[in-house]
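Residue 85 in numbering that gives the first Met the number 0 sits at position 86 of the sequence shown, and the numbers go up by one each step. C-beta: ideal position from N, C-alpha, C; glycine also. All figures in this text were calculated on a predicted structure; none of them were measured in a lab. To start, the structure itself, in structure tokens.
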Amino acid sequence: MQASNRVVYGREFKVTPLWMWMLQRASGVLLGPLVALHVWAPALASNRALSAVLLAVILAHGYTGLRRIAVKRDKAGMTQAVAVLWCVVVLAFGAMLVLHA
């Protein structure tokens with residue numbers, strides 16, 4: 000039985016959806032090697048495919064991290080808006096970097 004929220008020590012918490020939890024963990028594991036490859040291999044730093052993958056992983060990790068911050072129901076809408084705004088800003092600057100490479 001899955002619940003959308005739980006009460007622990009008298010405080011109510013939202014339960015993180017499984018897909019978001021898995022995406023957060025997978026993107027976190029991928030970030031280290033991708034950043035290391037991007038830094039340690041200067042020739043690959045100008046590779047558009049690697050930069051696009053790195054940008055996608057950064058977006059996924061940041062979005063899920065910001066969404067998981069909302070622990071109270073009354074702040075869920077604001078947190079969703081901040082997460083989407085952050086993604087738009089990072090995507091805009093990231094796209095400029097990827098297309099310029």
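How far does the alpha helix (DSSP H) with Y8 in it reach, from first residue to last? Taken as a continuous stretch (DSSP letters only), Y8 belongs to no alpha helix (DSSP H), as it is neither H nor E.
Status (buried if at least 16 other CB within 10 Å, exposed otherwise) for A94: exposed
Okay, do the region 78-88 and the region 43-51 touch, 3+ Cβ pairs below 8 Å being the bar? no
Nearest-angstrom Cα distance between R67 and M19? 8 Å
Mind checking which residues open and close the alpha helix (DSSP H) that includes L65? R47 to I68
Between the C-alpha atoms of L96 and G61, what's the straight-line distance to the nearest angstrom? 18 Å
What's the gap between the Cα of E11 and the Cα of L58? 28 Å
Could you pull out every residue in the same chain whose Cβ sits closer than 7 Å to the Cβ of A51, ignoring the five residues on either side in sequence? V97
Sort out for me which residues DSSP pairs K74 with in a bridge. Answer by DSSP bridge pairing: none, since K74 is not bridged.
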